[in-house]
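Asker:
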Amino acid sequence: MKVKIGVYDSGIGGLSVLQELMLALPGVEFIYYADVDHVPYGEKSREEIICFADLAVRFLLEQQVQAIVVACNTATSAAISTLRARYTLPILGMEPAIKPALQCSNGKRVLLLATPLTLREAKLQHLIAEVDKAHLVDLQAMPCFVRFAEQGQFHTDEVYAYCCRQLEKYQADEYSAVVLGCTHFNYFKDTLRRRFPEPVRFVDGCQGTSRNLVHILQEQRLLEYGEQSVVYYMSGRPADSQQLSFINKCLQHLHNMREI
Ligand code: DGL
295 MKVKIGVYDS
305 GIGGLSVLQE
315 LMLALPGVEF
325 IYYADVDHVP
335 YGEKSREEII
345 CFADLAVRFL
355 LEQQVQAIVV
365 ACNTATSAAI
375 STLRARYTLP
385 ILGMEPAIKP
395 ALQCSNGKRV
405 LLLATPLTLR
415 EAKLQHLIAE
425 VDKAHLVDLQ
435 AMPCFVRFAE
445 QGQFHTDEVY
455 AYCCRQLEKY
465 QADEYSAVVL
475 GCTHFNYFKD
485 TLRRRFPEPV
495 RFVDGCQGTS
505 RNLVHILQEQ
515 RLLEYGEQSV
525 VYYMSGRPAD
535 SQQLSFINKC
545 LQHLHNMREI
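Set out below in structure tokens:
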């Protein structure tokens, strides 16, 4: 039996998770759902996102996926518990990687960058209360990164100026790590590196989510090997050639960001 996995994000951010999943699962068929009709999620309400996420999950179920990865921190914060209560297949989410970042922080500060919705949701407040006993984590919203990424603007002066403005109050040498708490932010690692030189580390949740999925597939004996493939849908419509060429450009850019 061919294993099909649904991967869902508001847009191109989840490609950073897909890329990790493709490395870990060479025999799987992926169905990628980018909710381009409703991106950005981070500035919308929880209730709206629950509706969008439900539509995406229903579409992916029609494609007969065996598991779904919500490759979006914002949709995970707003909707994962509702989705898990409604559907029986495994639904994995993303969590800002502040726990691993704090484990190697040696008492230095950690900066979490995410969308406004992720930062205000109770899910993050509970995580911080549990893992940040020494109050080392600072929170910063970067909503325009999502818009820039969706426009394919990864390196412009406007992007760098925004980055400097938003992060003006943080002294790079006080930080051990910057946590990328939104899957769209992986596109800006080179820009962020100009503001946070080494040894500051960039930490994201992509590998952790990929490990969790491998584990679930192993448990369910679903790790059979066929040929890997990916089919892309834009809010339920097959991606056209222009959208596919943009996706390929994004995957190439993410590949270049991997070593940063
Ligand atoms: N990629 C998303 C995340 O990980 C959401 C970005 C958005 O649509 O605002 O949070």
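In terms of our numbering, the sequence shown is residues 295 to 554. Glycine included, each C-beta is placed from N, C-alpha and C at the ideal position.
Would you kindly work out how many angstroms separate the C-alpha atoms of Y302 and D329, rounded to a whole number?
Answerer: 8 Å
Asker: State the DSSP-derived secondary structure class of G300, mapped to helix, strand or coil.
Answerer: strand
Asker: Are the beta-carbon atoms of L396 and D426 separated by less than 8 Å?
Answerer: yes
Asker: Kindly indicate which three-state DSSP category D331 falls into: helix, strand or coil?
Answerer: DSSP places D331 in the coil class of the three-state scheme, outside both helix and strand.
Asker: What does the alpha-carbon distance come out to for the pair G415 and R487?
Answerer: For the sequence presented, residue 415 should be read as Glu rather than Gly. Straight-line Cα distance between these residues: approximately 28 Å.
Asker: Taking buried to mean at least 16 other C-beta atoms within 10 Å of its own C-beta, is S300 buried or exposed?
Answerer: Note that residue 300 is Gly in the sequence shown here, rather than Ser. Its Cβ being crowded by 16 or more others within 10 Å, G300 is buried.
Asker: Should H478 go down as buried or exposed, given a rule of 16 or more other Cβ atoms within 10 Å for buried?
Answerer: buried
Asker: Hey, could you find the ends of the beta strand (DSSP E) D432 is sitting in?
Answerer: V431 to A435
Asker: Check whether the Cβ of D426 lies closer than 7 Å to any heavy atom of the ligand GDP, and answer yes or no.
Answerer: For the structure depicted, the ligand GDP is absent and the ligand set comprises only the ligand DGL.
Asker: Can you give me the C-alpha to C-alpha distance between L548 and Q357, rounded to a whole angstrom?
Answerer: 27 Å
Asker: Just to check, is the beta-carbon of G307 closer than 7 Å to a non-hydrogen atom of the ligand DGL?
Answerer: Yes, since a heavy atom of the ligand DGL falls inside the 7 Å radius drawn around the Cβ of G307.
Asker: Identify whether A365 lies in helix, strand or coil by the three-state DSSP scheme.
Answerer: coil
Asker: With DSSP collapsed to three states, give me the class of P394.
Answerer: helix
Asker: How far does the beta strand (DSSP E) with F496 in it extend, from its first residue to its last?
Answerer: R495 to V497
Asker: From which residue to which residue does the alpha helix (DSSP H) around M551 run?
Answerer: S535 to M551
Asker: Is it buried or exposed for T382, if we count other Cβ within 10 angstroms and need 16 for buried?
Answerer: exposed
Asker: How many whole angstroms separate the CB atoms of A435 and A391, which I take to be in contact at a CB cut-off of 8 Å?
Answerer: That belief does not hold up - the Cβ atoms of A435 and A391 are roughly 17 Å apart, past 8 Å.
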